[in-house]
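Peer 1:
2 protein chains.
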Amino acid sequence: MASAISTRPPGRPRTGVHAAVFAATLRTVHELGYARATVERIATAAGVAKTTIYRRWPSKGDLIVDCLLDAFGPASLEGASRAEIMSSAIHWIAAKIGEPGVGDAFAGVFSDAVSDPALREILSVRLQDPYRLALQDALGEPEDRVRFFTDVVVGTLLHRMGMTGAPMADTDVAALVGMVLPALQRGSHPF
Amino acid sequence: MASAISTRPPGRPRTGVHAAVFAATLRTVHELGYARATVERIATAAGVAKTTIYRRWPSKGDLIVDCLLDAFGPASLEGASRAEIMSSAIHWIAAKIGEPGVGDAFAGVFSDAVSDPALREILSVRLQDPYRLALQDALGEPEDRVRFFTDVVVGTLLHRMGMTGAPMADTDVAALVGMVLPALQRGSHPF
DNA sequence: AGGTATCGAAACCCACGGTAGCGAAAAACG
DNA sequence: CGTTTTTCGCTACCGTGGGTTTCGATACCT
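Just so you know, the protein sequences line up as chains P and S, in that order.
To convert, note that position 84 of the first sequence is 84 in our numbering; the numbers rise steadily by one, no gaps.
Count along the second sequence from 1, then add 1000; that gives the number in our numbering.
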């Protein structure tokens, strides 16, 4: 296969624009809300043409998911015991969702995904699955249980965000931890 | 104030169309999903003109909220103990969200509300507040606690619905109950 | 310089929420 | 019956936003 990789293709190279677009996305979503954060406005805020955005991301949903992946970064999942791991994971995702723009963007794509199976697939596979698999491994819990805990934690945080417009306060996050941990310890038979 | 009520106003009376529109709304949302359930399509499915819909409901959000109010009906909130009341409430809302069209409509309007403060107000005041107040009364719990439980229960159910496209299975609803009840019993200090 | 691929700008298409204007139909009243 | 009043369905329309197309300009490599 010829010289394969590492040979720079001919023509004008792409300008590195991901970082600027991600920053502009979060900033715009934070200032205007998800619905008013149009691709046009995001492009303008990033100092880039709308067409350039669509050359890199096939849809607004893909852009947001990539932006969230960049904002979340790798999961930490620290802790000596299963309880500590779960606790730190909840605090971690709550803090991330609390960052300006991140929560709005997350709730926004999730909303769009409800009636868009393709976007739902992207959201599920690219954003949630990696963290879910890491959690399964760290906790030694089966897939369904981790999915259940994910529904509870992320669902609660997003519902609060969606209804009040503000991220969940620390005391409530603590209450969430205090509610999930016993269920984790009890095992898979809460009856 | 003259003859006040009970005097029939002149002119052509309105055709009773609410029931047909509500049914058409749930059916259309169930078959096509929230995003494809346009007002135009709902009107056609109800055998009514789009303008007639907008003569009765100021926006699509109001229509959906009214439709959900009609579908939910009054809360039951039966049970001898606080635990039984909470348990029956969770099963009740889970069953309602599981009805064809209801969950999709709920998740859809919730999604729209994320970036639409006016719609969020409608959703909060007309749909959630009545049930929340009834729960506060029945459980004897303060507002913040009931809001927290609402976030957990509704958030979890909607997150599951949004990610999988299907309502939560009974065993998972039971697990949800098994997670919430101890927290309810523990009182407001889960530390 | 020549080849190639990207960039920005502008025009465009389409779907959808929501509005305006109109003639027709349905009731009440004389 | 005709007049009045209100609603009906229909069609045309507007604004916005996601996404595409086209085209000249520009940046890189050989």
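In this text, a Cβ means the ideal position worked out from N, Cα and C, and glycines have one as well.
Quick caveat: nothing in here was measured; it's all calculated off a predicted structure.
Is Gly47(P) near the ligand ZN - that is, is its Cβ less than 7 Å away from at least one heavy atom of it?
Peer 2: With respect to the ligand ZN, the structure shown offers nothing to examine, as it has no ligands at all.
Peer 1: How big is the Cα-Cα spacing for Met1161(S) and Tyr1034(S)?
Peer 2: Their Cα atoms are separated by approximately 13 Å.
Peer 1: Could you check what DSSP says for Gly1011(S) in three-state terms: helix, strand or coil?
Peer 2: Coil, per DSSP.
Peer 1: Determine, using beta carbons only, whether Leu127(P) comes closer than 8 Å to chain S.
Peer 2: No, no contact with chain S.
Peer 1: If distances are taken between C-alpha atoms only, which option among Asp104(P), Phe106(P) and Ala113(P) comes closest to Gly1108(S)?
Peer 2: It is Ala113(P) whose Cα lies nearest to the Cα of Gly1108(S).
Peer 1: Is there a Cβ of chain S sitting closer than 8 Å to that of Ser115(P), yes or no?
Peer 2: Yes, because at least one Cβ of chain S sits closer than 8 Å to the Cβ of Ser115(P).
Peer 1: Does any residue of chain P have a CB that is nearer than 8 Å to the CB of Asp1062(S)?
Peer 2: Not an interface residue.
Peer 1: Which word fits Ala80(P), buried or exposed, when buried means at least 16 other C-beta atoms lie within 10 angstroms of its C-beta?
Peer 2: Flag for Ala80(P) reads exposed.
Peer 1: Whole angstroms is fine: what's the gap from Glu40(P)'s alpha carbon to Leu1077(S)'s?
Peer 2: Rounded to the nearest angstrom, the two C-alpha atoms are 48 Å apart.
Peer 1: Run down chain P in chain order and give the residues with a C-beta less than 8 Å from the C-beta of Tyr1131(S).
Peer 2: Result: empty, since nearest Cβ-Cβ is about 13 Å, beyond 8 Å.
Peer 1: Just checking: is the beta-carbon of Tyr1034(S) within a distance shorter than 8 Å of some beta-carbon in chain P?
Peer 2: True, the Cβ-Cβ gap to chain P drops below 8 Å.
Peer 1: Taking one C-beta from the region 1111-1131 of chain S and one from the region 1057-1066 of chain S each time, how about it: are there three or more such pairs within less than 8 Å?
Peer 2: Touching, yes, given that three or more Cβ pairs across the two stretches are closer than 8 Å.
Peer 1: Just to confirm the assignment: which complete alpha helix (DSSP H) runs, minimum length 4, are found wholly within the region 82-126 of chain P?
Peer 2: The region 82-126 of chain P contains these whole alpha helix (DSSP H) runs: 82-98, 102-114 and 117-122.
Peer 1: Distance check for His1030(S) and Phe149(P), CA to CA, integer angstroms please.
Peer 2: Going from the Cα of Phe149(P) to the Cα of His1030(S) covers about 27 Å.
Peer 1: Shorter than 8 Å from the beta carbon of Pro100(P) to some beta carbon of chain S?
Peer 2: No - not a single Cβ of chain S is within 8 Å of the one on Pro100(P).
Peer 1: Between Thr1156(S) and Thr156(P), which are expected to be in contact by the criterion C-beta below 8 Å, what is the C-beta distance as a whole number of angstroms?
Peer 2: Confirmed, about 7 Å.
Peer 1: For Phe202(P), tell me which candidate among Pro10(P), Asp70(P) and Gly11(P) has the shortest Cα-Cα distance.
Peer 2: There is simply no residue 202(P) to check, as chain P begins at 1 and stops at 191 in what is shown.
Peer 1: Compute the Euclidean distance between the alpha carbons of Glu1121(S) and Pro1142(S), then round it to the nearest angstrom.
Peer 2: Computed Cα separation, rounded: 21 Å.
Peer 1: I need the DSSP call for Val48(P), collapsed to helix, strand or coil.
Peer 2: Three-state result, Val48(P): coil.
Peer 1: Would you say Arg160(P) faces chain S, with C-beta separation under 8 Å as the test?
Peer 2: Closer than 8 Å: yes.
Peer 1: Against chain S, with Cβ distances strictly below 8 Å, would Gly178(P) count as a contact?
Peer 2: True, the Cβ-Cβ gap to chain S drops below 8 Å.
Peer 1: Could you please tell me which residues of the region 134-163 of chain P, in chain order, have their CB closer than 7 Å to any CB of chain S?
Peer 2: Within the region 134-163 of chain P, the residues whose Cβ lies closer than 7 Å to some Cβ of chain S are Phe148, Asp151, Val152, Val154, Gly155, Thr156, Leu158, His159, Arg160, Gly162 and Met163, listed in chain order.
Peer 1: Once you ignore the five residues that flank Phe1106(S) on each side, which residues in its own chain have a CB closer than 7 Å to its CB?
Peer 2: Only Leu1068, Ile1097 and Leu1158 meet the Cβ criterion.
Peer 1: Counting Cβ pairs, one atom from each stretch, are 3 or more of them under 8 Å apart for the region 1084-1103 of chain S and the region 1038-1053 of chain S?
Peer 2: Not touching, per the Cβ criterion.
Peer 1: In chain S, which residues lie with their C-beta within 7 Å of the C-beta of Phe110(P)?
Peer 2: Gly1162, listed in chain order.
Peer 1: What first and last residue would you give for the alpha helix (DSSP H) that runs through Met1179(S)?
Peer 2: Asp1170 to Arg1186 is the span of the alpha helix (DSSP H), which, as asked, contains Met1179(S).
Peer 1: Just how far apart, CA to CA, sit Glu84(P) and Ala138(P)?
Peer 2: Going by the C-alpha atoms only, they are around 11 Å apart.
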